[in-house]
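**Student:** Protein chains in written order, with the working numbering: chain F, 1 to 114; chain Y, 1001 to 1113.
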């Protein structure tokens, strides 16, 4: 079990730059999720894919954010024109396509916008 | 407005004793509840869950209790071990929304040897 893999682990960028994160889910999991966690808070849902279809999006996912899962395997999360408020831990999770199947999280990508 | 509340930011327990972590929720439509554990620099790890049709679920040292009338759930860890020291998150979802888990802010548990 290789688990959910996220790259990079850390990203420091200047305000206004674009960043892209990658998530590789557990191979047999066809559901993939993106969450964001800021200091002192629990993870907050951003978006969710089943295979390549993006089925849910949070209102937290502003126009500057875009997530893709083109072949139903890995996913990317891009943030355009980053702002300091985007600084957070971005967590990816995956699960089996079963009701109440628990989410398996990766170790996250920590974004710092200076 | 928080829908899932963990009112204790931290909890300290002696090794071998019981740890009780609490969680309150506001929406009676929530039908499935989970507990996740998180170590520093790692993602959350699923611990245990309970459906709203049950009031108790047990897995080894971990038991989750659900009180629907009070909109309250708790996680009991018996006996507590130093390796249990972590941040514990309560999470829930509404019905068919498979992806949108709503998390509390977490409780940091410290188990002292």
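Every residue gets a Cβ at the ideal spot worked out from N, C-alpha and C, and that includes glycine.
1. Can the beta-carbon of residue 44 of chain F be found closer than 8 Å to that of residue 61 of chain F?
2. Please report the distance separating the alpha-carbon of residue 1035 of chain Y from that of residue 1047 of chain Y.
3. Where do the ends of the beta strand (DSSP E) carrying residue 1093 of chain Y lie?
4. Using a Cβ-Cβ distance cut-off of 8 Å, determine whether residue 103 of chain F contacts chain Y.
5. In chain Y, what lies closer than 7 Å to residue 43 of chain F by C-beta?
6. Would you call the CB atoms of residue 10 of chain F and residue 96 of chain F closer than 8 Å?
7. Runs of 4 residues minimum, wholly inside the stretch 1028–1053 of chain Y: which ones carry the alpha helix (DSSP H) assignment?
8. Rounded to whole angstroms, what is the Cα-Cα separation between residue 1078 of chain Y and residue 12 of chain F?
9. Report yes if the C-beta of residue 55 of chain F is less than 7 Å from at least one heavy atom of the ligand NAD; otherwise report no.
10. Would you call residue 6 of chain F buried or exposed, if buried means 16 or more other Cβ atoms sit within 10 Å of its Cβ?
11. For residue 100 of chain F, return the contacting residues in chain Y, with the cut-off set at a CB-CB distance below 8 Å.
12. To the nearest whole angstrom, what separates the beta carbons of residue 15 of chain F and residue 83 of chain F, a pair I think is in contact under 8 Å?
13. Check for me: the beta strand (DSSP E) holding residue 53 of chain F runs from which residue to which?
14. For residue 102 of chain F versus residue 1049 of chain Y, is the C-beta spacing smaller than 8 Å?
15. Under 9 Å Cβ-Cβ, which residues of chain F neighbour residue 1089 of chain Y?
16. Please look up how many angstroms separate the CB atoms of residue 4 of chain F and residue 106 of chain F, rounded, as I've assumed it's under 8 Å.
17. Can you find a CB in chain F that lies within less than 8 Å of the CB of residue 1041 of chain Y?
18. What residue range does the beta strand (DSSP E) around residue 65 of chain F cover?
19. Please identify, using Cβ separations under 9 Å, the residues of the stretch 50–76 of chain F that lie next to chain Y, in order along the chain.
20. Let me see if you follow: with CB-CB separation under 8 Å, is residue 30 of chain F close to chain Y or not?
21. Taking the CB atoms as reference points, tell me whether residue 91 of chain F and residue 48 of chain F lie closer together than 8 Å.
22. At a Cβ threshold of 8 Å, is residue 108 of chain F touching chain Y?
**Tutor:** Once the coordinates are examined:
1. For the purposes of this step, residue 44 of chain F is identified with residue 44 of the first chain, where counting begins at 1. For the purposes of this step, residue 61 of chain F is identified with residue 61 of the first chain, where counting begins at 1. Not in contact: residue 44 of chain F and residue 61 of chain F (Cβ atoms no closer than 8 Å).
2. For the purposes of this step, residue 1035 of chain Y is taken as residue 35 along the second chain, with counting starting at 1. For the purposes of this step, residue 1047 of chain Y is taken as residue 47 along the second chain, with counting starting at 1. About 5 Å.
3. Stepping through the second chain from its first residue, residue 1093 of chain Y is reached at position 93. Unbroken beta strand (DSSP E) run through residue 1093 of chain Y: 1086–1094.
4. Taking the first chain and counting its residues from 1, one reaches residue 103 of chain F at position 103. At least one chain Y Cβ lies under 8 Å of residue 103 of chain F.
5. By one-based count along the first chain, residue 43 of chain F stands at place 43. Those within 7 Å of residue 43 of chain F in chain Y are 1044 and 1103.
6. Indexing the first chain from 1 puts residue 10 of chain F at position 10. Indexing the first chain from 1 puts residue 96 of chain F at position 96. It is not a contact, given that the beta carbons lie outside the stated cut-off.
7. none
8. By 1-based counting over the second chain, the position of residue 1078 of chain Y is 78. By 1-based counting over the first chain, the position of residue 12 of chain F is 12. Whole-angstrom Cα-Cα distance: 41 Å.
9. This structure simply doesn't include the ligand NAD, nor any ligand for that matter.
10. Along the first chain, read from residue 1 onward, the residue named residue 6 of chain F stands at position 6. Buried, since its Cβ has 16 or more Cβ neighbours within 10 Å.
11. If you number the first chain from 1, residue 100 of chain F lands on position 100. Simply 1032, 1049 and 1051.
12. Residue 15 of chain F sits at position 15 when you count from the first residue of the first chain. Residue 83 of chain F sits at position 83 when you count from the first residue of the first chain. Sure, about 6 Å apart at Cβ, within 8 Å.
13. Counted from its first residue, the first chain places residue 53 of chain F at position 53. Looking at the DSSP string, the run of the beta strand (DSSP E) that includes residue 53 of chain F is 53–57.
14. Translated into positions along the first chain, residue 102 of chain F becomes position 102. Translated into positions along the second chain, residue 1049 of chain Y becomes position 49. In contact: residue 102 of chain F and residue 1049 of chain Y (Cβ atoms closer than 8 Å).
15. Residue numbering aside, residue 1089 of chain Y sits at position 89 when the second chain is read from its first letter. Here the neighbours are 42 and 43.
16. The residue given as residue 4 of chain F occupies position 4 in the first chain. The residue given as residue 106 of chain F occupies position 106 in the first chain. Contact holds; Cβ gap of about 4 Å.
17. Position 41 of the second chain, counted from the first residue, corresponds to residue 1041 of chain Y. Residue 1041 of chain Y counts as touching chain F.
18. Start at 1 with the first residue of the first chain, and residue 65 of chain F comes out as number 65. For residue 65 of chain F, the enclosing beta strand (DSSP E) stretches over residues 65–68.
19. Taking 9 Å as the upper bound on Cβ-Cβ separation, chain Y lies near residues 50, 55, 56 and 58 of the stretch 50–76 of chain F.
20. Indexing the first chain from 1 puts residue 30 of chain F at position 30. Chain Y, which has no Cβ nearer than 8 Å to the Cβ of residue 30 of chain F, makes this no.
21. Residue mapping note: residue 91 of chain F aligns to position 91 of the first chain, counting from 1. Residue mapping note: residue 48 of chain F aligns to position 48 of the first chain, counting from 1. Result no, Cβ atoms of residue 91 of chain F and residue 48 of chain F do not sit closer than 8 Å.
22. Working through the first chain from its first residue, we reach residue 108 of chain F at position 108. Judged by the 8 Å Cβ criterion, residue 108 of chain F is in contact with chain Y.
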